[in-house]
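In the numbering used here, the protein residues as written are 651 to 827.
First comes the structure, then the notes that go with it.
Here is the structure:
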């Protein structure tokens with residue numbers, strides 16, 4: 651690239667070709683835009699106003715702060731993640747009831763599209779949620795709940811309302827066939 655083009659790009663954005671990954675840079679820009687729009691990030695509260703993925707990324711930057719390139723540390727400081735702030739950072743916490751409702755909505759969308767939840771394998775992703783893995787976890791939890799209580803859990807009943815065969819008493823392979 652001609653030097654004058656490099657100079658023009660650097661005038662637009664000094665980080666147009668960073669020494670770290672493009673994915674890091676994209677996440678940083680998302681965090682920067684979020685901080686500007688919301689007036690801050692609040693790391694000491696687990697980044698509560700961020701999406702789950704962005705909050706996780708931000709917390710990971712805090713826990714790995716000392717291993718970051720000095721310029722990455724400066725960029726993070728520009729959006730409020732100073733050395734003091736990263737030491738005070740708390741992990742992003744999911745609100746379990748809210749997460750279940752979101753997962754249930756994803757399950758409903760998948761079942762509408764595919765006619766069943768049984769076809770969601772452990773690598774199935776629906777609307778950004780690892781739906782297949784989540785369903786597998788729900789099946790395990792429901793088996794344990796039924797063993798202790800003799801009835802399906804309230805969560806299992808909510809899933810049964812979407813697909814009565816989401817957790818068959820026989821193998822998933824048989825049900826899929």
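Just so it is clear, CB atoms sit at the ideal spot from N, CA and C, and this is done for glycine as well.
Exercise for the section: Determine, using beta-carbon pairs with one atom in the stretch 730-745 and one in the stretch 708-716, whether at least three such pairs fall under 8 Å. Expected result: yes
Handout entry: Exposure label - residue 751; buried when at least 16 CB within 10 Å
Key = Exposed is the label assigned to residue 751, since fewer than 16 other Cβ atoms lie within 10 Å of its Cβ.
Handout entry: For residue 776: DSSP bridge partner residues
Key = DSSP lists 779 as the beta-bridge partner residues of residue 776.
Exercise for the section: Decide yes or no for the touch test of the stretch 767-777 against the stretch 801-819: beta carbon pairs closer than 8 Å, at least 3 of them. Expected result: yes
Practice task
Could you check the C-alpha separation between residue 792 and residue 695 for me, to the nearest Å?
Solution key: 32 Å
Problem - Neighbourhood of residue 780 by C-beta, 7 Å cutoff - its chain only, sequence neighbours within 5 removed - result: none
Practice task
Take the Cβ of residue 798 as the centre, count every other Cβ of all protein chains shown within 10 Å, and call the residue buried at 16 or more, exposed below.
Solution key: exposed
Problem - Own chain residues within Cβ distance below 7 Å of residue 741, not counting five before or after - result: The residues are 696 and 709.
Problem - Proximity test, residue 743 beta-carbon vs the ligand NAD heavy atom, cut-off 8 Å - result: Of the ligands one can find in the structure shown there are none, so the ligand NAD has no counterpart to examine.
Exercise for the section: Tell me, please, whether the stretch 717-726 touches the stretch 658-673 by the rule of three or more beta-carbon pairs shorter than 8 Å. Expected result: yes
Handout entry: Length of the line joining the Cα atoms of residue 717 and residue 824
Key = Roughly 49 Å separates the two Cα atoms.
Handout entry: Burial state of residue 719, where buried means 16 or more other Cβ atoms lie within 10 Å
Key = exposed
Handout entry: Pick from 690, 782 and 802 that is closest to residue 731, judged by C-alpha positions
Key = 690
Problem - Boundaries (first-last residue) of the alpha helix (DSSP H) holding residue 710 - result: 702-713
Practice task
Look at residue 845 and residue 699 and say whether their C-beta atoms are less than 9 Å apart.
Solution key: Absent from the model: residue 845. The displayed extent of the chain is 651 to 827, so no value can be given.
Practice task
Kindly list the residues whose CB is nearer than 6 Å to the CB of residue 705, restricted to its own chain and excluding five residues on each side of it in sequence; keep chain order.
Solution key: If the five residues before and after residue 705 are omitted, its C-beta is found closer than 6 Å to the C-beta atoms of 697 and 742, all from its own chain and listed in chain order.
Problem - Within 9 Å, strictly: CB atoms of residue 783 and residue 772 - result: The Cβ-Cβ distance between residue 783 and residue 772 falls below 9 Å.
Handout entry: For residue 675 and residue 693, the rounded distance between their alpha carbons
Key = 19 Å
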